[in-house]
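**Q** Take a look at the following structure, please.
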Amino acid sequence: MGAQVAKQRIVEAEEKRLREKEEEEGIDFPGSNYQHHNHKEWMATLPLESIKVRDVLWPGTHDSATDKIGVPFISRPFARCQKLSIYQQLCRGARVLDIRVQQERKVCHGPLTTYKVDVVVADIRKFLDEMPFEFIILQLRTGGEWEDPPGFDAWLIANLGEYLVAQDEGVLEMNLLQLLPKRVICIWKPKEISYYPQPGSLLWSSWYLQDDWIDTDLPLTKFDSNLVTLGKQAANEKRGFFYRVENTTTPQVSSPVCCVFPVTNRIRGYARFFISQAFKKGIADRLQIFVEDFLQEDFVDACIGVTLARYYHQLLLHEPELLQEVLSQHQELVAATSRRRWLLNVSSE
45 MGAQVAKQRI VEAEEKRLRE KEEEEGIDFP GSNYQHHNHK EWMATLPLES IKVRDVLWPG
105 THDSATDKIG VPFISRPFAR CQKLSIYQQL CRGARVLDIR VQQERKVCHG PLTTYKVDVV
165 VADIRKFLDE MPFEFIILQL RTGGEWEDPP GFDAWLIANL GEYLVAQDEG VLEMNLLQLL
225 PKRVICIWKP KEISYYPQPG SLLWSSWYLQ DDWIDTDLPL TKFDSNLVTL GKQAANEKRG
285 FFYRVENTTT PQVSSPVCCV FPVTNRIRGY ARFFISQAFK KGIADRLQIF VEDFLQEDFV
345 DACIGVTLAR YYHQLLLHEP ELLQEVLSQH QELVAATSRR RWLLNVSSE
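As structure tokens, then:
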């Protein structure tokens, strides 16, 4: 009991210090005021012919398919990292998904399981059929102590093949328009090394998505660790793989609070502060995939704002005061494009 009390005091001290640091240093960064008109189609409104795959700040979710995991009010609070379905997350703007699977092709998180990954694939297909200019990075891996689902690579290709971008490091250097009509970069990490996707496959090996995740429920510890490990990376334009930062904290069995939401909420509201710190430290050019638990649209807007600010980088260099004006004009263009698309759809019905 004494150890738990001491741990809670450490947590509270870190929360206090993180809050104070944010108040002292602020959360402004290039593109921080940007708000998108429609998160369901935000990538379609980018200059697809100009923005490279590697230059998008991809917003994503951690343990993406856990909305119905476990037993409600019993085991679910200890394993659920998202309240929204995969389809709802995509409509809210997530473009990176993190899925853990086991031998029966069920989604898992630790020892708990939920629906089959077939539900995930159906949601992805539904979204892509509705949104022809959106792109997804889909990571699947065998979870925890579970075994690989038999023939899973063939199953994935059979069910998503028409959308899959073939494994090729050169893809990162392409602009988004060059990927079409393919729109899913699917990364598969089985336990059995002999099952790893080979070069040229429609599935990508896990080497192409790397991170430096640390298992802690301490918010400042995680925040600072994320900055340190991000700073050790090469800039996006010099890397041959995607790099992910997880704005999450993880429940620990040694702590008095073990439910996911209150624990991850200790850091969840500091995504914008993290981005601003990355810019202040001169390492924002390393930010590429940014994920969180319990997805928020404000989190997505922050990532879109950075993506657009990178595109308008000449304004940042020479006339930074014009950036907000340009982003506002972009927002007006997005709204006008959405209205035109709606009118065309109405007139054709």
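Here the sequence shown is numbered in this note's numbering, starting from 45 and rising by one per residue. All C-beta atoms, glycine included, are put in the ideal place defined by N, C-alpha and C.
Relative to the C-alpha of G435, which candidate in M175, E148, V163 has its C-alpha closest?
**A** Residue 435 lies beyond the residue range present for the chain, which begins at 45 and ends at 393; the question has no answer from this structure.
**Q** The alpha helix (DSSP H) with F196 in it runs from where to where?
**A** Taking the first residue of the sequence shown as position 1, residue 196 is located at position 152. Looking at the DSSP string, the run of the alpha helix (DSSP H) that includes F196 is 196–204.
**Q** Pull up the distance between the alpha-carbon of A47 and that of E69, whole angstroms please.
**A** As a first step, residue 47 is located in the sequence shown; it is residue number 3 there, counting from the start. As a first step, residue 69 is located in the sequence shown; it is residue number 25 there, counting from the start. Each residue's alpha carbon lies about 33 Å from the other.
**Q** Which residue's Cα is closest to the Cα of L216: R283, N203, K170, K160?
**A** Taking the sequence shown and counting its residues from 1, one reaches residue 216 at position 172. Out of R283, N203, K170, K160, R283 has the C-alpha closest to the C-alpha of L216.
**Q** Taking Q296 as part of the beta strand (DSSP E), name the residues at either end of that continuous run.
**A** Within the sequence shown, the letter at position 252 stands for residue 296. Where Q296 is concerned, there is no enclosing beta strand (DSSP E), given that its DSSP letter is neither H nor E.
**Q** With a CB to CB cut of under 8 Å and the five nearest residues on each side skipped, what residues in its chain are close to K150?
**A** Indexing the sequence shown from 1 puts residue 150 at position 106. If we look at K150 and ignore the five residues flanking it on each side, its Cβ neighbours are T157, T158, Y159, K160, V161.
**Q** What residue ranges within the segment 332–361 form continuous beta strand (DSSP E) runs of no fewer than 3 residues, ordered along the chain?
**A** If we require 3 residues or more, the beta strand (DSSP E) runs fully inside the segment 332–361 come out as 333–336.
**Q** Report the rounded CA-to-CA distance for Q242 versus P234, giving the unit in angstroms.
**A** The count along the sequence shown starts at 1 and reaches residue 242 at position 198. The count along the sequence shown starts at 1 and reaches residue 234 at position 190. Cα-Cα distance, rounded: 13 Å.
**Q** Taking the continuous alpha helix (DSSP H) assigned at K282, which residues delimit it?
**A** By 1-based counting over the sequence shown, the position of residue 282 is 238. Note, K282: premise wrong, no alpha helix (DSSP H); not H, not E.
**Q** Once DSSP output is grouped into helix, strand and coil, what is the label at Y314?
**A** Indexing the sequence shown from 1 puts residue 314 at position 270. DSSP places Y314 in coil when its eight states are reduced to three.
**Q** Do the CB positions of L141 and A109 come within less than 9 Å of each other?
**A** For the purposes of this step, residue 141 is taken as the residue at position 97 of the sequence shown. For the purposes of this step, residue 109 is taken as the residue at position 65 of the sequence shown. Against a cut-off of 9 Å, the Cβ pair of A109 and L141 comes out as a contact.
**Q** Quick one: Cα of V399 to Cα of L182, how far?
**A** No statement about residue 399 is possible, as the shown extent of the chain runs from 45 to 393 and does not include it.
**Q** Ignoring anything shorter than 3 residues or poking outside the segment 166–232, list the beta strand (DSSP E) runs there in chain order.
**A** Fully enclosed beta strand (DSSP E) runs of 3 or longer: 180–186.
**Q** Identify the continuous alpha helix (DSSP H) that holds G275 and give its terminal residues.
**A** The residue labelled residue 275 in the question sits at position 231 within the sequence shown. Its alpha helix (DSSP H) spans residues 263–275.
**Q** Does the distance from the C-beta atom of P116 to that of Q146 stay below 9 Å?
**A** The residue labelled residue 116 in the question sits at position 72 within the sequence shown. The residue labelled residue 146 in the question sits at position 102 within the sequence shown. Not closer than 9 Å, so no.
**Q** Could you tell me the alpha carbon to alpha carbon distance between V350 and F318, rounded to whole angstroms?
**A** As a working mapping, residue 350 is identified with position 306 in the sequence shown. As a working mapping, residue 318 is identified with position 274 in the sequence shown. The straight-line gap from Cα to Cα measures roughly 12 Å.
**Q** Can T105 and V307 be called in contact, C-beta distance under 9 Å?
**A** Walking along the sequence shown from the start, residue 105 turns up at place 61. Walking along the sequence shown from the start, residue 307 turns up at place 263. Their beta carbons are not under 9 Å apart, which means T105 does not touch V307 by this criterion.
**Q** Measure from the alpha carbon of G154 to the alpha carbon of each residue in A279, S129, I113, then state which is nearest.
**A** Translated into the one-based positions of the sequence shown, residue 154 becomes position 110. Selected option, being the one with the closest Cα: I113.
**Q** Throw me the rounded Cβ distance for the E58 and T265 pair, which I believe falls under 8 Å.
**A** As a first step, residue 58 is located in the sequence shown; it is residue number 14 there, counting from the start. As a first step, residue 265 is located in the sequence shown; it is residue number 221 there, counting from the start. With a Cβ gap of about 7 Å, E58 and T265 count as contacting.
**Q** Looking only at its own chain, which residues have a Cβ that is under 7 Å from the Cβ of G137, when we skip the five neighbours before and after it?
**A** For this step, residue 137 is matched to residue 93 along the sequence shown. Taken in chain order, the residues that qualify are H83, W86, P103, E341, V344.
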